[in-house]
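Peer 1: Just so you know, the protein sequences line up as chains L, P and W, in that order. So in full-length UniProt numbering, spot 105 of the first sequence is number 105, and the numbers just go up one at a time. So in full-length UniProt numbering, spot 6 of the second sequence is number 6, and the numbers just go up one at a time. So in full-length UniProt numbering, spot 480 of the third sequence is number 480, and the numbers just go up one at a time.
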Amino acid sequence: MEIRDVPCPFCGCLCDDISVRLDDNRILGVENCCTLGNAKFLSKGRLQHPIMRKNGKWVEVSYEEAIDETARILSDAVRPLLYGWSGTVGEAQVVGVHLGEEIGALIDSTTSVCHNPSILAIQEVGHPGCTLGQVKNRADLVIYWGCNPIEAHPRHMSRYTTYADGYFIDNTVTDRKVIVVDIRRSEGAKVADEFIQIKPGGDYLVLSALRAMVRGRDDVVPDSVAGVKKEQLQRVASLMQKAKFGAVFFGLGITMSRGKYKNVRNAIELVSELNRKTKFTISAMRGHFNVYGFNEVLTWMAGYPFAVDFSRGIAFYNPGETTVIDLLERKEPDACLVIASDPGAHFPKSTIEHMAAIPTVQIDPCVNATTALCQVQIPVAITGIEAAGTAYRMDGVPIRMKKIIETNFPTDQEILERIVTRIREMKRDG
Amino acid sequence: MRCTLSSGRTVPQGSFVEHKLSKGYQKATSILYMHPLDLMDLGIESGDRVRVTSDYGSVILTAEATEDIQTNNAYIALGPYANAITGGYTHATGMPDYKDIAVEIEPTDEPVPTVWELMEIIGGVRYGN
Amino acid sequence: MAEILLKNAYVIDPISGINGELMDIAISGSRIVEEASQKAEVIDCQGYLTLPGGIDSHTHTSGTKVNFGRYMSPEDMRAGRTARRGPMHITSGYSVPTTYGNSYRYSALGYTTLIEGAMAPLEARHTHEEFKFTPLQDSFANTLFDGNWGMLRALEEGDITRAAAIIAWTLTAVKGFAIKLTNPGGTEAWGFGKNISCINEKIPTFDLTPADIIKGAIRANEMLHLPHSVHLHCNNLGTPGNYTCTIGTFDLVPDINDKRQSLYATHVQFHSYGGSGWGDFCSKSEPVARKVDFSPQIVIDMGQVMFGRTTTMTADGPMEFNLYRLHHDKWSNHDVELETGSGIIPVNYRKKNLVNSIMWAIGLELALLVKNPWQCLLTTDNPNGAPFVKYPEIIALLMSKQYRDAEFATIHPDTEKRVPLPALDRELNWHEIAVMTRAGQARALGIIDLGKGYLMPGAEADIAIYPIKTDEIDPSAEYEKVIAGFSRTEYTIKRGRVVSRRGDAIIDGENTTYWVKPKVPAVYDMQHDPAFIELFERYYTVRMSNYPVQEEYLHRNYCIETETDL
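1. Per DSSP, residue 197/L is paired with what?
2. Check each candidate in 44/P, 45/P, 61/P and 22/P and name the one with the smallest Cα separation from residue 52/P.
3. Should residue 145/W go down as buried or exposed, given a rule of 16 or more other Cβ atoms within 10 Å for buried?
4. Thinking C-beta only, is residue 74/P closer than 8 angstroms to residue 3/P?
5. Taking three-plus beta-carbon pairs below 8 angstroms as touching, is the region 218–235 of chain W in contact with the region 178–185 of chain W?
6. Please report the straight-line C-alpha distance between residue 10/W and residue 18/W, rounded to a whole angstrom.
7. Which residue spans inside the region 103–166 of chain L form an unbroken beta strand (DSSP E) run of at least 3?
8. Starting from the Cα of residue 218/W, find the closest Cα among 333/W, 466/W and 263/W and give me that residue.
9. Please confirm whether residue 101/L and residue 89/W have their CB atoms less than 8 angstroms apart.
10. State the start and end residues of the unbroken beta strand (DSSP E) segment that holds residue 346/W.
11. Step through the CB atoms of chain L and report whether any lies within less than 8 angstroms of the CB of residue 330/W.
12. Helix, strand or coil: how does DSSP classify residue 569/W here?
13. Mind listing which residues of the region 304–325 of chain L have their C-beta closer than 9 angstroms to chain P's C-betas, in chain order?
14. How would you label residue 171/L, buried or exposed, when you count the other beta carbons within 10 angstroms and need 16 or more for buried?
15. Taking the alpha helix (DSSP H) that residue 322/W falls in, what are its first and last residues?
16. What are the residues of the region 252–285 of chain L that lie near chain P, defined by any Cβ-Cβ distance shorter than 8 angstroms?
17. Would you please state the rounded distance, in angstroms, between the beta carbons of residue 164/W and residue 220/W? I believe it to be under 8 angstroms.
18. Under DSSP, the alpha helix (DSSP H) around residue 325/L begins and ends at which residues?
19. Using a Cβ cut-off of 7 angstroms, pull out every chain L residue sitting near residue 193/W, in sequence order please.
20. Can you list, in chain order, the residues of its chain with a C-beta nearer than 6 angstroms to that of residue 82/W? Leave out the 5 residues immediately preceding and following it.
21. Please go through the same chain and pick out, in chain order, the residues whose beta-carbon is closer than 6 angstroms to the beta-carbon of residue 277/W, but skip the five residues on each side of it.
22. If you scan the region 370–410 of chain W from start to end, which runs of the alpha helix (DSSP H) of 4 or more residues do you find wholly inside it?
23. Less than 8 angstroms between the CB atoms is what I'm expecting for residue 388/W and residue 106/W, so what's the real figure, rounded?
24. Kindly provide the ranges of any alpha helix (DSSP H) runs that are 4 or more residues long and lie completely inside the region 258–297 of chain W, ordered along the chain.
25. Pick out the complete alpha helix (DSSP H) segments inside the region 98–129 of chain P, 4 residues or longer, and give them in chain order.
26. For residue 189/W, which residues in chain L fall below 8 angstroms Cβ to Cβ?
27. Going by beta carbon distance, what residues of the same chain come within less than 6 angstroms of residue 242/W, once the five residues before and after it are set aside?
28. Just to confirm before moving on: does the CB-CB distance between residue 370/L and residue 412/L stay below 8 angstroms?
29. Counting only beta-carbon atoms, is residue 39/L nearer than 8 angstroms to chain W?
30. Out of 307/L, 48/L, 199/L and 410/L, state which residue places its alpha-carbon closest to the alpha-carbon of residue 366/L.
31. So that I know if they touch, is there some Cβ in chain W lying closer than 8 angstroms to that of residue 170/L?
32. Check the Cβ-Cβ distances between residue 122/W and every residue of chain L, and say whether any is below 8 angstroms.
33. So, for residue 373/W: in the same chain, excluding its five sequence neighbours on each side, which residues have a beta-carbon less than 6 angstroms away from its beta-carbon?
34. Give the DSSP-derived three-state secondary structure of residue 515/W in the structure shown.
35. For residue 324/L, count the other beta carbons within 10 Å of its own beta carbon; 16 or more makes it buried, fewer makes it exposed. Which is it?
36. Among the residues of its own chain, which have a CB less than 7 angstroms from the CB of residue 155/W, if the five just before and after it don't count?
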């Protein structure tokens with residue numbers, strides 16, 4: 001049996017044209033998928049039962065016991081942290097937000113350690129963006145800045161930019177120019193028409209130089225900026241202004257490096273400036289397939305895209321204070337629920353040290369680095385393969401993830417709802 | 001040798017993302033990419049091990065030469081190895097310095113730790129083997 | 001079935017021809033009935049003003065653009081936060097409240113039905129997700145077609161029937177309610193950073209003018225027998241001198257529907273400007289209102305501006321960019337492939353600003369000058385002109401010359417020379433207010449048949465009871481009491497249940513989403529049309545099979561099936 005048009009639950013490209021061949025409820029093969037998605041669809045090996053640490057040793061337990069323990073941990077906590085969310089669907093995230101509200105938790109997502117600075121910049125200066133099809137159909141200039149589509153979003157170029165069929169583009173390979181800006185000559189850089197190699201930490205300077213040039217102030221730009229020659233910048237500034245439709249995509253290369261949100265702000269302001277001369281858009285290359293969905297859900301429910309602290313009975317948002325890394329670094333949480341992410345692998349050492357020191361529960365299909373930090377792990381269905389629901393693509397387009405495999409594993413949403421129910425029972429029973 | 005280290009995504013890292021305890025993931029996330037001239041300076045070759053030390057910690061990695069980066073720079077896939085030397089300070093932005101980390105790199109014969117070992121160092125308990 | 005008996009209700013129900021009668025209203029289940037049994041819960045309305053539940057025929061509360069307004073504005077979120085209380089969830093936001101915030105606050109004002117003003121079809125799932133979390137009001141989505149390539153191509157070929165078929169397929173797919181055109185042609189031009197300045201100017205990428213699109217859409221709309229008319233945001237929003245464009249647009253509209261208007265023009269305040277620039281900017285409400293008076297086929301809404309901070313958000317991407325160049329505050333833009341655009345900027349309408357003062361006056365003038373209140377409905381184009389929580393103040397301004405004069409004395413002194421407002425003595429009465437806030441909406445939207453907008457047996461039991469005794473208040477002098485009375489109902493009843501009591505939501509509620517499904521003959525079913533499929537699969541970035549909004553997003557819903565002339 002073949003199921004067509006399956007959305008891929010890997011990255012923010014959310015390619016929805018995957019064909020999956022099935023036999024007897026098992027995936028035999030996948031078509032149209034990139035290496036990363038392929039690996040996920042064909043992944044084998046998962047945690048079969050809930051596990052709990054008792055006397056320093058892992059033992060298998062029932063779902064009931066695991067949920068009970070989780071509810072007890074969260075009920076007992078004074079400063080609970082609910083973290084992760086990007087690898088699950090909106091329907092589960094909604095339950096998480098309500099849970100956070102009910103127990104006065106701090107809720108944050110992987111956004112905090114990826115495009116959090118992009119959001120901070122957007123909150124300062126806005127975001128001139130578009131859906132990916134607008135780029136596909138119109139853009140004659142594409143700029144990848146501090147991101148690496150070939151390795152992180154392998155089909156981005158073929159579906160949305162360089163190699164994509166476009167309504168207003170006669171020949172997509174010759175009629176679109178691609179510029180890559182990075183500190184290293186990435187795979188993407190090798191196929192670009194222009195590669196700008198910046199010294200680490202130099203993005204802000206280079207963006208400022210380009211802004212000056214777009215404003216006609218080449219004279220203030222020195223001969224070399226962060227390792228980039230002025231002639232190259234002039235060439236690029238000219239390409240930008242001559243484009244009919246320019247699209248900038250940026251990644252963690254500018255959100256994580258020195259300057260952080262100020263880098264993104266500078267990039268957005270460059271794009272806003274370019275709109276006075278031609279059409280330009282800028283978009284973040286979001287990582288997890290539904291990292292943007294959590295931002296959307298939390299925003300319509302609580303008003304902010306990430307890092308919301310419910311402990312005061314209202315939604316309180318102050319990035320730098322209510323962000324997960326800062327919270328852990330201050331050793332504030334006394335309990336933690338991790339879902340659909342793996343902070344054990346992705347957080348700085350000092351912060352996960354604290355997670356290991358407090359009761360931490362993980363809801364995840366697989367054993368991962370975070371498993372080692374937990375007291376309880378509850379395995380669940382794999383979202384987008386064994387569980388359906390809503391995900392938001394990196395450009396904000398919502399797509400319904402499909403369930404293509406039957407499973408006995410409960411979904412994220414079901415587990416969260418059972419935890420909420422149990423917490424209410426405990427509260428009621430004192 | 002003083003270097004500026006940045007972390008980021010790579011295809012092998014992403015492919016093993018559902019298998020964080022696998023040898024494949026360990027290998028994919030513990031390679032330190034350096035310019036060949038820097039390897040020469042250290043007197044080592046691709047495949048040799050190095051100790052990388054920042055203000056926040058120290059970890060053993062396997063060096064690999066690439067001309068895709070400039071000298072005095074190093075690159076590593078994101079993951080638990082990179083995080084062993086990343087600090088939790090965020091400059092009040094919520095975002096740690098995952099890029100532009102000042103590190104000292106020196107040759108070593110010590111083995112590259114497993115992901116479980118990294119987790120145990122900070123107080124975790126491995127599951128299974 | 002639960003029953004409620006409202007006793008001593010002072011009812012104004014314009015659709016049923018009731019203008020201030022003390023009566024009882026019986027409710028059984030979700031409907032108003034002839035009489036209730038002995039078991040009915042009795043609510044004594046004490047002679048309070050009782051109206052059909054409020055209907056906002058043009059508001060932005062749900063979807064991609066609205067949520068981005070929240071996302072980019074933590075300062076606005078902080079400006080309106082409330083704590084969890086009873087069944088009420090926490091809320092954030094002043095001009096763009098969270099979904100619960102919208103729902104509770106609208107409910108406190110007595111509103112039971114909301115029409116989301118602009119839903120991009122590609123992002124429709126998002127709108128429907130937010131509807132679900134706006135539990136105390138029924139939801140309808142105006143669906144954007146201004147830059148829909150399929151429709152534009154059909155119109156280019158002069159094939160109105162095909163255009164109608166594409167509209168039918170899309171509305172059904174995305175569970176939309178009506179055809180919305182926002183700056184027709186302009187949003188498509190904005191795809192390459194351009195705009196359209198006149199209804200007779202050719203769009204750069206299609207052999208069409210805005211006039212062609214508007215006329216074509218109106219005819220297609222009537223071929224599909226949609227409940228509502230075409231819902232138009234005219235070209236040139238916010239431009240000095242744009243009133244000629246607005247009147248020119250009204251001239252295009254035939255009178256082809258005997259139950260309602262043939263065109264609904266929204267937020268006309270923003271389209272009634274005179275002058276050749278900001279220097280000689282002035283009100284042209286008089287010619288626009290006169291045009292409406294002579295055009296029974298047109299209904300407008302005010303788009304009233306009120307002073308203070310708010311957030312502007314519209315599918316009109318190029319207009320928002322122009323606004324950004326005036327305000328230099330933050331600017332977001334979001335073009336939607338093959339369909340439309342959008343933009344957002346925060347603004348602060350200031351009394352000390354002459355242009356803002358004139359804008360404030362124009363909205364009021366339209367409502368006072370248009371003779372027939374059924375043709376000019378009360379809106380702020382929430383939150384563009386002001387957040388909807390300002391509605392009670394607007395009602396009071398329309399009912400009181402004294403209040404208007406008092407406000408006028410505080411605005412920019414030069415306003416007087418640019419607007420006719422000080423000369424307008426008209427004071428609207430309670431009945432006219434009821435028309436402009438519910439009855440007129442129900443008729444213009446074509447939803448009276450669904451039981452909306454009136455209080456006779458058979459109607460949905462959507463009812464607002466305001467702590468106002470009309471015989472004890474002189475609205476022209478006691479406008480503060482009018483504001484207070486309309487700010488917080490005694491009871492808001494939705495589908496037969498009390499959902500809000502003295503400003504607090506008291507139950508979780510569950511909304512109903514209304515959507516249309518025109519019955520299209522097989523030959524015009526775009527689902528199997530090769531050219532339509534090809535356009536879709538080549539140029540959209542979402543597969544055609546993944547595009548329609550799935551049943552899962554329509555928990556409680558009502559499908560309006562229409563017979564068509566295709």
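Using N, Cα and C, we set each Cβ at its ideal position, and we do this for glycine too. Quick caveat, the model's predicted, so the values are computed rather than measured.
Peer 2: The answer reads as follows:
1. Here the question's residue 197/L lines up with position 197 in the first sequence. 182/L, per the DSSP bridge assignment.
2. Here the question's residue 52/P lines up with position 52 in the second sequence. Out of 44/P, 45/P, 61/P and 22/P, 61/P has the C-alpha closest to the C-alpha of residue 52/P.
3. Counted from its first residue, the third sequence places residue 145/W at position 145. For residue 145/W, the number of other beta carbons within 10 angstroms of its own is at least 16, and it is reported as buried.
4. As a position in the second sequence, residue 3/P is number 3, starting the count at 1. As a position in the second sequence, residue 74/P is number 74, starting the count at 1. In contact: residue 3/P and residue 74/P (Cβ atoms closer than 8 angstroms).
5. Touching, yes, given that three or more Cβ pairs across the two stretches are closer than 8 angstroms.
6. For the purposes of this step, residue 10/W is taken as residue 10 along the third sequence, with counting starting at 1. For the purposes of this step, residue 18/W is taken as residue 18 along the third sequence, with counting starting at 1. Using only the alpha carbons, I get a separation of about 10 angstroms.
7. Counting whole runs of 3 or more residues, the region 103–166 of chain L contains the beta strand (DSSP E) stretches 106–109, 128–130 and 141–145.
8. Along the third sequence, read from residue 1 onward, the residue named residue 218/W stands at position 218. In terms of Cα proximity to residue 218/W, the closest of 333/W, 466/W and 263/W is 263/W.
9. On the first sequence, position 101 is the one that residue 101/L refers to. On the third sequence, position 89 is the one that residue 89/W refers to. Yes, the pair counts as a contact, with Cβ atoms nearer than the cut-off.
10. For the purposes of this step, residue 346/W is taken as the residue at position 346 of the third sequence. Here the beta strand (DSSP E) through residue 346/W covers 343–349.
11. Position 330 of the third sequence, counting from 1, holds the residue named residue 330/W. Yes, residue 330/W lies at the interface with chain L (some Cβ there is under 8 angstroms from its Cβ).
12. Residue 569/W is absent from the model: chain W starts at 1 and stops at 566.
13. Under the 9 angstroms Cβ criterion, the region 304–325 of chain L contributes 306, 307, 319, 320, 321, 322, 323, 324 and 325.
14. Residue 171/L sits at position 171 when you count from the first residue of the first sequence. Around the C-beta of residue 171/L, fewer than 16 other C-beta atoms lie within 10 Å, and the residue is accordingly described as exposed.
15. Sequence index remark: in the third sequence, residue 322/W carries index 322 (1-based). For residue 322/W, the enclosing alpha helix (DSSP H) begins and ends at 317–327.
16. For the region 252–285 of chain L, which is checked against every Cβ of chain P, the residues closer than 8 angstroms are 252, 253, 255, 256, 257, 258, 260 and 261.
17. Your numbering for residue 164/W matches position 164 in the third sequence. Your numbering for residue 220/W matches position 220 in the third sequence. Contact check for residue 164/W and residue 220/W: beta-carbon distance about 4 angstroms, within the 8 angstroms limit, so the pair qualifies.
18. Here residue 325/L is taken as the residue at index 325 of the first sequence, counted from 1. Unbroken alpha helix (DSSP H) run through residue 325/L: 324–329.
19. One-based indexing of the third sequence puts residue 193/W at position 193. Per Cβ cutoff of 7 angstroms: 275, 278 and 279.
20. For the purposes of this step, residue 82/W is taken as residue 82 along the third sequence, with counting starting at 1. The answer, listed in chain order, is 91.
21. Counting from one through the third sequence, the residue named residue 277/W turns up at place 277. Non-local beta-carbon contacts of residue 277/W in its own chain, meaning distances under 6 angstroms to residues more than five positions away in sequence, involve 240 in chain order.
22. Those alpha helix (DSSP H) runs which fall completely within the region 370–410 of chain W and span 4+ residues are 391–399 and 401–408.
23. Position 388 of the third sequence holds residue 388/W. Position 106 of the third sequence holds residue 106/W. Right, their Cβ atoms sit about 6 angstroms apart.
24. Counting only unbroken stretches of 4 or more residues, the alpha helix (DSSP H) elements lying wholly within the region 258–297 of chain W are 285–293, in sequence order.
25. Entirely contained in the region 98–129 of chain P, the alpha helix (DSSP H) runs reaching 4 residues are, in chain order, 115–121.
26. The residue labelled residue 189/W in the question sits at position 189 within the third sequence. For residue 189/W, none of the residues of chain L pass the 8 angstroms Cβ criterion, the least Cβ distance being about 10 angstroms.
27. Position 242 of the third sequence, counted from the first residue, corresponds to residue 242/W. Taking C-beta separations shorter than 6 angstroms and ignoring five residues to either side along the sequence, the partners of residue 242/W in its chain run 236, 271 and 273, following chain order.
28. Against the first sequence, residue 370/L aligns to sequence position 370. Against the first sequence, residue 412/L aligns to sequence position 412. The Cβ-Cβ distance between residue 370/L and residue 412/L does not fall below 8 angstroms.
29. For the purposes of this step, residue 39/L is taken as residue 39 along the first sequence, with counting starting at 1. Not one beta carbon of chain W lies nearer than 8 angstroms to the beta carbon of residue 39/L.
30. Counted from its first residue, the first sequence places residue 366/L at position 366. With distances taken between CA atoms, residue 366/L lies nearest to 48/L out of 307/L, 48/L, 199/L and 410/L.
31. Mapped onto the first sequence, residue 170/L falls at position 170. False, the Cβ-Cβ gap to chain W never drops below 8 angstroms.
32. For the purposes of this step, residue 122/W is identified with residue 122 of the third sequence, where counting begins at 1. Closer than 8 angstroms: yes.
33. Working through the third sequence from its first residue, we reach residue 373/W at position 373. 432, 435 and 436, listed in sequence order.
34. Reading the third sequence from its first residue, position 515 is the one you call residue 515/W. Strand at residue 515/W.
35. One-based indexing of the first sequence puts residue 324/L at position 324. By the 10 Å Cβ count, residue 324/L comes out buried.
36. Start at 1 with the first residue of the third sequence, and residue 155/W comes out as number 155. Excluding positions up to five away in sequence, the list reads 163, 208, 212, 213 and 216.
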